[in-house]
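Presented below is the structure to which this report refers.
In UniProt numbering, the protein residues as written are 1 to 627.
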């Protein structure tokens with residue numbers, strides 16, 4: 001048999017890489033590439049017309065030689081090639097065709113491989129180029145680092161790897177806005193562009209061999225993807241200025257393909273412009289294309305703690321106007337992604353969802369990147385765990401210290417432990433609804449447990465925060481405003497074109513009447529910036545009887561905040577300061593919310609009929625000025 005095989009087949013006639021069959025078996029059907037797309041940890045069948053003794057796989061400076069054996073089963077722990085059977089040859093070039101099963105280990109580096117066939121005869125040895133294969137992660141493989149082991153249901157892998165549509169959530173917890181997004185990982189050329197993204201990373205440019213070897217680990221792989229352009233030839237340039245000349249307003253993007261193709265067509269110069277949800281959506285596309293289960297996450301009231309003290313300071317004047325005095329900030333929402341992977345580098349218990357944030361906020365290891373940070377480590381406050389767990393922990397858990405000042409003197413302070421990370425959400429698998437995942441990041445019990453630790457830092461924080469203020473008196477030991485607490489209540493979710501209706505609720509907790517001064521202030525702002533000027537305010541006196549609660553209704557008319565153009569992320573900072581005339585004590589309540597665009601309604605008046613004129617009517621009101 002061996003002599004017959006060697007004697008009659010001495011040269012390569014042709015090869016069939018069985019692209020359709022292999023990609024269907026590997027669940028890569030639909031992915032568009034110039035190569036055959038396979039998943040690691042799984043065998044693939046090629047049909048050869050040659051005397052093959054070995055094949056050579058090469059991914060740049062790293063190569064692996066795979067002997068072709070004639071007996072045995074394919075190995076899934078190392079590269080292997082097994083001659084499975086002889087087939088009838090439809091080409092007519094030779095009497096027999098050879099079916100070879102090529103297998104890759106689940107730990108193989110992902111990337112584009114060049115497949116070469118070395119043919120040995122009695123007279124010579126020849127090497128033939130057979131084409132290229134693209135090797136991806138395999139969340140359906142039991143030995144794979146990206147296996148979704150947390151569920152018995154295949155639909156989650158279908159959602160987080162194979163689905164090319166999604167929802168991005170924006171706005172505020174009480175007035176959430178969802179917008180559809182097309183991830184487009186199956187669009188023509190997108191997978192090849194994602195592979196180019198890996199090739200252009202600074203790590204690959206600095207040390208190709210090490211980078212290619214590191215591509216076997218999803219945690220190392222995900223940390224080098226250059227979606228932002230701050231340090232490398234990344235895809236997107238961020239812009240939060242409001243001036244988008246020379247580029248595209250981030251709110252106008254609706255899918256990843258346009259962005260990635262524009263980047264490739266521009267010779268890998270950054271696309272203008274992106275903000276957090278665009279960075280996250282493109283990152284999700286790349287990760288799903290590479291075979292790593294990924295979902296987009298929105299954190300409402302997301303803290304940006306620059307000094308690491310776990311406290312966000314906010315300053316107001318005595319009239320309720322918010323001041324731009326703090327380096328810290330709270331974004332009304334911030335968007336990142338979670339990718340599912342094993343984390344053997346952290347020890348047991350940290351496999352699962354890992355936070356990856358492509359938005360350039362702070363540097364990590366010298367580059368603008370964040371993660372992968374294990375969600376379980378964030379939940380357990382394991383801030384020593386790699387990577388960037390303290391920063392993400394603060395984004396969802398920081399305290400908010402509100403400080404009222406006048407003439408550089410502190411009039412009042414208060415702490416809010418619930419505002420940050422008020423809602424953490426993602427798209428529910430298999431539907432176009434929101435799924436609340438807040439409980440995966442934190443618990444109220446865990447938050448209370450850390451109170452004592454935070455109290456230890458209070459004096460230090462005050463010294464740092466108030467170094468530019470004149471402290472003329474000690475801060476009150478009791479909670480400020482115990483005598484007359486105040487709160488704000490929105491009566492309905494604000495919509496462009498309508499008045500903003502809200503209540504100011506004041507309670508007198510003492511057995512004596514009080515004379516109070518009420519100052520209400522409304523400022524406009526963008527979701528990740530401090531408020532600008534005041535566009536509406538109200539000031540008056542309030543008399544309140546002993547142990548009485550009063551509710552005062554206010555309305556901000558549409559013409560007070562009327563927008564000259566549609567601003568998707570238009571936000572309002574509303575604050576009220578109550579001053580006790582006798583004691584000079586002041587308390588503050590604030591609320592930040594978005595004003596959403598009105599819904600578009602289309603009503604069909606008759607059932608559609610085949611080959612008949614169908615009329616459809618829509619009623620549209622434009623609330624914007626001069627448009």
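Every residue, glycine too, gets a C-beta built ideally from N, C-alpha and C.
In this chain, the beta strand (DSSP E) harbouring residue 46 covers 43 to 48. For residue 160, the secondary structure class from DSSP, reduced to helix, strand or coil, is helix.
Going by C-alpha positions, residue 413 is about 14 Å away from residue 486. Judged by DSSP in its simplified three-state form, residue 440 adopts helix. Within the same chain, 513, 514, 515, 516 come within 8 Å of residue 543 by CB-CB distance, once the 5 residues on both sides are set aside. A check of alpha carbon separations from residue 100 across 43, 181, 385, 356 identifies 43 as the nearest.
Following the DSSP letters along the chain, one finds residue 282 inside the alpha helix (DSSP H) bounded by residues 276 to 289. Counted as a single uninterrupted DSSP element, the alpha helix (DSSP H) harbouring residue 209 occupies residues 208 to 214. Going by DSSP, residue 390 is part of no beta strand (DSSP E) but of the alpha helix (DSSP H) stretching over 389 to 397.
The Cβ neighbour count for residue 203, taken over all protein chains shown within 10 Å, is at least 16; the residue is labelled buried. Between residue 124 and residue 118, the alpha-carbon positions lie close to 10 Å from each other. When the Cα atoms are used, residue 268 and residue 197 turn out to be separated by approximately 9 Å.
With respect to the 8 Å criterion, residue 180 and residue 167 are classified as neighbours on the basis of their beta carbons.
Assigned with DSSP and collapsed to three states, residue 224 falls in helix.
The closest CA to that of residue 185, considering only 384, 130, 259, is found on 259.
Taking C-beta atoms as the reference points, residue 416 and residue 426 fail to come closer than 8 Å. In this structure, the alpha-carbon of residue 410 lies about 17 Å from that of residue 581.
About 5 Å separates the beta carbon of residue 320 from that of residue 519, a gap short enough to meet the 8 Å contact definition. Of the other Cβ atoms in all chains shown, fewer than 16 fall within 10 Å of the Cβ of residue 598; this residue is therefore exposed. Membership of residue 196 in the alpha helix (DSSP H) is indicated by the continuous run 190 to 199. Contact between the region 278 to 292 and the region 303 to 311 is not established, with fewer than three Cβ pairs separated by less than 8 Å.
With respect to residue 422, residue 333 sits apart: the two C-beta atoms are not nearer than 8 Å. Here the C-alpha atom of residue 325 lies approximately 24 Å from the C-alpha atom of residue 538. In this structure, the CA atom of residue 397 is about 26 Å from the CA atom of residue 595. Note on geometry: alpha-carbon atoms of residue 394 and residue 342 lie some 23 Å from one another. Here the alpha carbons of residue 351 and residue 219 stand approximately 11 Å from one another. In the DSSP assignment, residue 597 is bridged to no other residue. The beta carbon of residue 441 sits closer than 7 Å to those of 375, 378, 379, 396, 421, 424, all from its chain and outside the five residues before and after it, given in chain order. Around the Cβ of residue 254, a 10 Å sphere holds fewer than 16 other Cβ atoms; the residue is exposed. Burial check for residue 209: the Cβ neighbour count within 10 Å stays below 16, so the residue is exposed.
The C-alpha of residue 349 lies about 12 Å from the C-alpha of residue 385. The residues 48, 130, in chain order, have a CB closer than 6 Å to that of residue 15 in the same chain once the five nearest residues on each side in sequence are set aside. Assignment of beta-bridge partners to residue 586 by DSSP yields 579.
Looking at the backbone, the Cα of residue 275 and that of residue 103 are separated by about 41 Å. For residue 297, the enclosing beta strand (DSSP E) begins and ends at 294 to 304.
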